[in-house]
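Heads up, the thing below is written out as structure tokens.
There are 2 protein chains.
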Amino acid sequence: MIVPVDRAAQAVEAARVLLEQEGREAMSMRRVAERVGIRAPSLYKHVPDKAELEIRLVAQGLAEIGAALAAAGPNLARLAAAYRAWALAHGRLYKLATDEPLPRDRLPPGLEAAAAEPLLSAFGDEHVARAVWASAHGLVTLELAGRFPPDADLDAAWAAMVAAYAPLARGSAR
Amino acid sequence: MIVPVDRAAQAVEAARVLLEQEGREAMSMRRVAERVGIRAPSLYKHVPDKAELEIRLVAQGLAEIGAALAAAGPNLARLAAAYRAWALAHGRLYKLATDEPLPRDRLPPGLEAAAAEPLLSAFGDEHVARAVWASAHGLVTLELAGRFPPDADLDAAWAAMVAAYAPLARGSAR
DNA sequence: GTCTATAGTGGGATAGAC
DNA sequence: GTCTATCCCACTATAGAC
Chain A
4 MIVPVDRAAQ
14 AVEAARVLLE
24 QEGREAMSMR
34 RVAERVGIRA
44 PSLYKHVPDK
54 AELEIRLVAQ
64 GLAEIGAALA
74 AAGPNLARLA
84 AAYRAWALAH
94 GRLYKLATDE
104 PLPRDRLPPG
114 LEAAAAEPLL
124 SAFGDEHVAR
134 AVWASAHGLV
144 TLELAGRFPP
154 DADLDAAWAA
164 MVAAYAPLAR
174 GSAR
Chain B
4 MIVPVDRAAQ
14 AVEAARVLLE
24 QEGREAMSMR
34 RVAERVGIRA
44 PSLYKHVPDK
54 AELEIRLVAQ
64 GLAEIGAALA
74 AAGPNLARLA
84 AAYRAWALAH
94 GRLYKLATDE
104 PLPRDRLPPG
114 LEAAAAEPLL
124 SAFGDEHVAR
134 AVWASAHGLV
144 TLELAGRFPP
154 DADLDAAWAA
164 MVAAYAPLAR
174 GSAR
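Next comes the structure, spelled out in structure tokens:
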């Protein structure tokens, strides 16, 4: 049985490993090709350019975050924990997926909305949902960047964030 | 009257202009030197390396943010507005100053604490202060990165953030 | 579909003359 | 303190042979 090799998919996977294990600078077409087992110029027979690899990684990241949130259910504390856990486990992919403007025209349709849906339905109000998303993003971003003092109690900071927004959630007694 | 030229200070200023006007890639030693009016190698007589320029810019950014917050007074809405305004007005410097681990050993002593003080004294609780800081950071970061949908009402998102944390501030009736 | 060769562009930093 | 010359590095991407 012949199993055709999907070089494009191999390249994306190679890019992800390089990104997550060694950082963004390691994700060069040369290194990607090396992992695939071919030379860099041959990559361009399977992928239009480097941006394509990055866009596919962004799509993977968004899809996985959305799935993690959906699996957490409607509870804010659980949503926050799931968001934090995914981001910390995939720090460099998280940064790649959130640092730059979304290439919306090259992303699978509905992906952005699907990733946002769990928070939106937990709060009902889109403005609150955005504030909560941004707050989680800020906490995780600063944690990943190592910007909090070394002795900072980040669990407590997350708890404070959850406590602040909890009264605005759908299920809460207001 | 002889006015000696401080090449190091000139280089830092040149780096800041290049960063803010053209982006981080434009901030090369060659471009910096060009703005100063000398050749790139001569820069190294006045500055040990490029990292020194970046560190001085981070210090400038932190000092200016701290000053903006201090000037805003203890009111949370005003603090948030000041934070947002400074960050949006200096987007690329803000990113430079918050994206990577703080080089604490090469920063002026007390600078980090001074920048954090206004928020800390507005809330009393360090955990809450960190959550608020991170929330503002997340909002401003996503706004700078162009990550919100084009039609998103960001004033409303900021208002939601302020409303969520306001009950935890010192002056509020609890 | 793979290769070699290479174009084109940039970067940080040092040596040594003046 | 400034210069020229240079090192050494890296990258994305294309041309054209096989």
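Protein chains in written order, with the numbering used here: chain A, 4 to 177; chain B, 4 to 177. We put the CB at the ideal spot given by N, CA and C, even for glycine.
- Interface annotation, residue 138 of chain A: in contact with chain B, CB-CB separation under 8 Å.
- Assignment of residue 93 of chain A by DSSP, reduced to helix, strand and coil, places it in the coil class.
- Fully contained in the region 10 to 83 of chain A are the following alpha helix (DSSP H) runs of length 4 or more, in chain order: 10 to 25, 32 to 39, 43 to 46, 53 to 75.
- Residues of chain A with a Cβ closer than 8 Å to the Cβ of residue 130 of chain B are, in chain order, 156, 159, 160, 162, 163.
- Ranked by Cα distance from residue 109 of chain B, the options B:154, B:162, B:55 are led by B:55.
- Interface flag for residue 150 of chain B against chain A is set, since a Cβ pair is found closer than 8 Å.
- Close to chain B, meaning a Cβ-Cβ distance shorter than 8 Å, are the following residues of the region 78 to 103 of chain A: 101, 102, 103.
- Within chain A, no residue has its beta carbon less than 7 Å from that of residue 76 of chain B; the closest one is some 21 Å off.
- By the C-beta density criterion, residue 40 of chain A is exposed, having fewer than 16 other C-beta atoms within 10 angstroms.
- Counting only the Cα atoms, residue 4 of chain B lies some 52 Å from residue 26 of chain A.
- Secondary structure at residue 126 of chain A: helix, using DSSP grouped into helix, strand and coil.
- The DSSP-derived three-state label of residue 8 of chain A is coil.
- Secondary structure remark: continuous alpha helix (DSSP H) runs of at least 4 residues inside the region 100 to 177 of chain A, in chain order: 114 to 126, 129 to 147, 157 to 168.
- At least one CB atom of chain A sits nearer than 8 Å to the CB of residue 168 of chain B.
- Each residue's CA atom was taken as its position, placing residue 134 of chain A and residue 118 of chain A some 15 Å apart.
- The residues 14, 17, 18, in chain order, have a CB closer than 6 Å to that of residue 35 of chain A in the same chain once the five nearest residues on each side in sequence are set aside.
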